Amino acid sequence: MSGKKKRLATDASGLLDPQAQAIVDAHSSLGPQPFEILEPGQARKQPGPDDAVKKVMEEKGLEGPEPVGSVTDLKIPDAAGGEQTLRVYTPAEPGKGPLPIIMWIHGGGWVLFDIDTYDASCRGLTNKTGAIVVSPDYRRAPEAVFPASHDDVLAAWRWTAANAAQMGGDPSRMAIGGESVGGNMAPATCLQLAEAGEPLPAAQVCVYPLTTPEQFGESMEDAADGRPLNRALLSWMAMHAFEGVPEAAQDPRIDLLNWPRETLALMPPTLVITDERDVLRSQGQQFAANLEAAGVPTTLSHYEGVMHEFFGASAVLDKAEAAQQEAAAHLTAALRTAG
Numbered sequence: 000m001s002g003k004k005k006r007l008a009t010d011a012s013g014l015l016d017p018q019a020q021a022i023v024d025a026h027s028s029l030g031p032q033p034f035e036i037l038e039p040g041q042a043r044k045q046p047g048p049d050d051a052v053k054k055v056m057e058e059k060g061l062e063g064p065e066p067v068g069s070v071t072d073l074k075i076p077d078a079a080g081g082e083q084t085l086r087v088y089t090p091a092e093p094g095k096g097p098l099p100i101i102m103w104i105h106g107g108g109w110v111l112f113d114i115d116t117y118d119a120s121c122r123g124l125t126n127k128t129g130a131i132v133v134s135p136d137y138r139r140a141p142e143a144v145f146p147a148s149h150d151d152v153l154a155a156w157r158w159t160a161a162n163a164a165q166m167g168g169d170p171s172r173m174a175i176g177g178e179s180v181g182g183n184m185a186p187a188t189c190l191q192l193a194e195a196g197e198p199l200p201a202a203q204v205c206v207y208p209l210t211t212p213e214q215f216g217e218s219m220e221d222a223a224d225g226r227p228l229n230r231a232l233l234s235w236m237a238m239h240a241f242e243g244v245p246e247a248a249q250d251p252r253i254d255l256l257n258w259p260r261e262t263l264a265l266m267p268p269t270l271v272i273t274d275e276r277d278v279l280r281s282q283g284q285q286f287a288a289n290l291e292a293a294g295v296p297t298t299l300s301h302y303e304g305v306m307h308e309f310f311g312a313s314a315v316l317d318k319a320e321a322a323q324q325e326a327a328a329h330l331t332a333a334l335r336t337a338g
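Take the sequence shown: its position 111, counting from 1, is numbered 110 in numbering that gives the first Met the number 0, and each next residue is one higher.
Below is the structure:
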C-alpha cells in the first residue's frame, strides 16, 4: 500500500466540449479526493466546481465575480428555531419600483456545498432578470437529515414573501428555481405551498434536478463515471441525507417522479434544464415529460457536451451563459405578468 491519497481523475469520455473539458481538467488539477470516499466534513474541504471555474478564469486572465448592485447576508429563522443565512442579490441596473424576487436554491446533495458555491449563478440571474435573487443557506446532512433542508427552504420562502417590501421586492411577483437538489426543492416547495393553500411562485426552473431517489434511467449507466457527479457519489449523498430516515425515499418531496397527475398539475410554468454527462439527466427529462402530460406549461432544454454543475460557469462556458439566458427569459416572462 502506498501512502498516496486517491485523487479525482478528469472526465476521459471525450464527450465534453473543449470549454467544459477545460473545467473538469482544472478541477482534477486541484487535486480533490473523491468525495464519496470521505466523511462529509472532509469532503466539504475539497475543491468544488466553483473552484474549477475560478482556476480557468485565472488561466484566462478573467476577473470575477460578476459585479451586481449589492450582496447582503441576512439572518432569518430556519425551521428548527435557529437561524439560517439568506443571501440577497440586487441587480447592477435595477428598474423602478418594487422588483420581482427569485429564490435560487443551491445544490450539493443535501450534504456538500453552500451559497458560496453557487454565487455565480445568483449573480448571473440577478443581472439577466433585473430581479432580486435570494438564496437560503439551509441546514445540511448529516448534521440535519431530511426533511431539514426542505423545511428551511420553505421557511425561507415564507419569510421572503412576508418581508419582500423591506428588501425592495414585490411579494406578488416571486419565482423559484435551483440546481441539482435545489432543482428538487423548488417543486417540493411549490407542492407544500399548494397543499397549505398559499400563493405559488409564478414560475420555476429546475436545473439538472434530482427527481427520484431511484437509480433511474439510461443516464445512470452512460454517465455513471461523470464529473463532478457520478453514480457512487449520488449513493454517498443519499446515505448521509437520509440516514435514519428510511421513509424519505417514498416522501413526495423526494420522489417527484411518483407524483400523480393531480399533484403535477399544481405546478407553475416550468423550465427543466438537463445536460449530457450527468447521471440525473434521465430523471430530469422524465419529470419534464410528466409535467407536460399533466398539462403544465413545460419547457425541456437539453445541453450536449456539458456536465453536472455547468450552469454557474458562464464566465468560461458559452453553454452556461446560454442556459442562464434561457432561465432568465423563462422567469422574466412569468414575472412580468404576475401580480
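The C-beta atom is built at its ideal place from N, Cα and C for all residues, glycine as well. Just so we're clear, the structure is a prediction, and the values are computed from it rather than from any experiment.
On the DSSP bridge list, what partners appear for residue i?
{"i": "C205", "result": "G177, V271"}
{"i": "P135", "result": "L85"}
{"i": "L73", "result": "L85"}
{"i": "L256", "result": "Beta-bridge pairing links L256 to no other residue."}
{"i": "L98", "result": "G168"}
{"i": "M306", "result": "R276"}
Assuming contact is defined by CB atoms lying nearer than 8 Å, are residue i and residue j in contact in what I supplied?
{"i": "P46", "j": "L29", "result": "yes"}
{"i": "I75", "j": "V315", "result": "no"}
{"i": "A240", "j": "V152", "result": "no"}
{"i": "P296", "j": "P268", "result": "yes"}
{"i": "I114", "j": "T71", "result": "no"}
{"i": "D49", "j": "T116", "result": "yes"}
{"i": "L349", "j": "A293", "result": "Because residue 349 is not part of the residues shown, which for the chain are 0 to 338, the question remains open."}
{"i": "N126", "j": "E65", "result": "yes"}
{"i": "T259", "j": "G167", "result": "Here the sequence assigns Pro to residue 259, which means Thr is not the residue at that position. For P259 and G167, no; Cβs fall outside 8 Å."}
{"i": "P141", "j": "P33", "result": "no"}
{"i": "S148", "j": "R138", "result": "yes"}
{"i": "I407", "j": "V132", "result": "As displayed, the chain neither begins before 0 nor continues past 338, which places residue 407 out of reach and without an answer."}
{"i": "A174", "j": "A201", "result": "yes"}
{"i": "L14", "j": "R276", "result": "yes"}
According to DSSP, is residue i part of a helix, a strand, or is it coil?
{"i": "S12", "result": "coil"}
{"i": "S313", "result": "coil"}
{"i": "H301", "result": "strand"}
{"i": "V278", "result": "coil"}
{"i": "R172", "result": "strand"}
{"i": "W156", "result": "helix"}
{"i": "W109", "result": "coil"}
{"i": "W103", "result": "strand"}
{"i": "L265", "result": "coil"}
{"i": "L233", "result": "helix"}
{"i": "L7", "result": "coil"}
{"i": "M0", "result": "In this prediction, M0 scores a pLDDT of 37, lower than 50, which makes its location untrustworthy; the coordinate-derived value is nonetheless stated afterwards. If DSSP states are grouped into helix, strand and coil, M0 belongs with coil."}
{"i": "V52", "result": "helix"}
{"i": "E197", "result": "coil"}
{"i": "A222", "result": "coil"}
{"i": "G243", "result": "coil"}
{"i": "L190", "result": "helix"}
{"i": "P17", "result": "helix"}
{"i": "D39", "result": "The sequence shown places Pro at residue 39, rather than the Asp named in the question. Helix at P39."}
{"i": "I114", "result": "coil"}
{"i": "A332", "result": "helix"}
{"i": "K318", "result": "helix"}
{"i": "Q284", "result": "helix"}
{"i": "F34", "result": "helix"}
{"i": "Q324", "result": "helix"}
{"i": "E65", "result": "coil"}
{"i": "K127", "result": "helix"}
Between residue i and the rest of its own chain, which residues show a CB-CB distance below 6 Å, the 5 nearest in sequence each way excluded?
{"i": "A319", "result": "F309, F310, A312, S313"}
{"i": "P170", "result": "A160, A163"}
{"i": "T339", "result": "An answer regarding residue 339 cannot be provided, because it is not within the stretch 0 to 338 covered by the chain."}
{"i": "R172", "result": "P99, L334, A337, G338"}
{"i": "H301", "result": "T273"}
{"i": "A25", "result": "A51, K54, V55"}
{"i": "D136", "result": "Q83, T84, D113, I114"}
{"i": "L265", "result": "A193"}
For residue i, collect the residues of the same chain with a Cβ closer than 7 Å to its Cβ; drop the 5 residues on either side in sequence, then sort them by chain order.
{"i": "A19", "result": "G304, V305, M306, F309, L316"}
{"i": "Q191", "result": "L153"}
{"i": "A237", "result": "P212"}
{"i": "V144", "result": "A240, F241, E242, G243, V244"}
Just to confirm my understanding: we take residue i, look at its own chain, exclude 5 residues before and 5 after, and list those with CB closer than 8 Å. What are they?
{"i": "L37", "result": "Q45"}
{"i": "Q323", "result": "S120, G123, L124, K127, F310, S313"}
{"i": "L256", "result": "T210, T211, E213, F215, Q282, Q285, F286, N289"}
Contact between the segment 281-291 and the segment 87-106 is defined here as three or more beta-carbon pairs at a separation below 8 Å; is this criterion met? No, the segment 281-291 is not in contact with the segment 87-106.
Given 8 Å, three or more beta-carbon pairs between the segment 183-201 and the segment 220-238: Pairwise C-beta distances place the segment 183-201 out of contact with the segment 220-238, as fewer than three of them are shorter than 8 Å.
Cβ contact (3+ pairs, closer than 8 Å) linking the segment 194-204 and the segment 228-248: No, the segment 194-204 does not touch the segment 228-248.
Are the segment 174-184 and the segment 199-218 touching by the rule of at least three beta carbon pairs closer than 8 Å? In this structure the segment 174-184 touches the segment 199-218; the number of beta carbon pairs closer than 8 Å is three or more.
Do the segment 265-285 and the segment 143-158 make contact, defined as three or more Cβ pairs closer than 8 Å? As far as the Cβ criterion goes, the segment 265-285 does not touch the segment 143-158, which means the pair count is below three.
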